[in-house]
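Engineer:
In this note's numbering, the protein residues as written are 126 to 235.
1. Tell me, which residues are paired with residue 206 by DSSP?
2. With residue 193 as the anchor, note down where its beta strand (DSSP E) starts and where it stops.
3. Taking the alpha carbon of residue 209 as the reference point, which residue from 147, 153 and 174 has its own alpha carbon closest?
4. Below 8 Å on the Cβ atoms is my contact criterion, and I expect residue 184 with residue 192 to pass it. Report the Cβ-Cβ distance as a whole number of Å.
5. If you reduce the DSSP assignment to three classes, tell me which class residue 168 lands in.
6. Give me the Cβ distance between residue 176 and residue 203, rounded to the nearest whole Å; I'm assuming they're in contact under 8 Å.
In C-alpha cells, the structure reads:
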C-alpha cells in the first residue's frame, strides 16, 4: 500500500475529504519521525513499536574497487510488530476474511 492509497482509505472509512485525510496521515507520520528524532519509543498497542537502534562505525568495502571504506556510526529506525498484529496476519492468511475488521474490533488504541 502506498501513502496515496492510505490517504484514500482513510478518506473512504472516515468520510472525510482526501485533503483532510492527507493532513491526518502526514501528521501521524511527522509525529512518529519527530519522536524518533528525540530518541523516544513509540508504542501502538496491538500494532507494534518503533524505536531507534544505534549502529557502530565499521570498516566496509567498496564493492566496485575493493577499497576499504569507513562507515560512520548511525541511528537506524526499527519496527517491532506486536503480538496481536502477528496473529492477525497469520489468521488472515488462513481465512478469507479481511484482517482489518478483526483488528478494529479489538479496541486497539490509534
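Just so you know, even glycine gets a beta-carbon here, dropped at the ideal spot from N, CA and C. Here the structure is a predicted model, which is why all the values come from computation and not from measurement.
Structural biologist: This is what the structure gives:
1. In the chain shown, the residue the question calls residue 206 occupies position 81. Paired residue(s): 173.
2. Counting from 1 along the chain shown, the entry for residue 193 is found at position 68. That run of the beta strand (DSSP E) goes 193–196.
3. Here the question's residue 209 lines up with position 84 in the chain shown. Closest by alpha carbon: 174.
4. As a first step, residue 184 must be located in the chain shown, where it is residue number 59. As a first step, residue 192 must be located in the chain shown, where it is residue number 67. Actually they do not touch by this definition, with Cβ atoms about 11 Å apart.
5. Translated into positions along the chain shown, residue 168 becomes position 43. Reduced to three states, the DSSP call for residue 168 is strand.
6. On the chain shown, residue 176 is found 51 positions in, with the first residue counted as 1. On the chain shown, residue 203 is found 78 positions in, with the first residue counted as 1. Contact flag correct, Cβ pair sits at about 5 Å.
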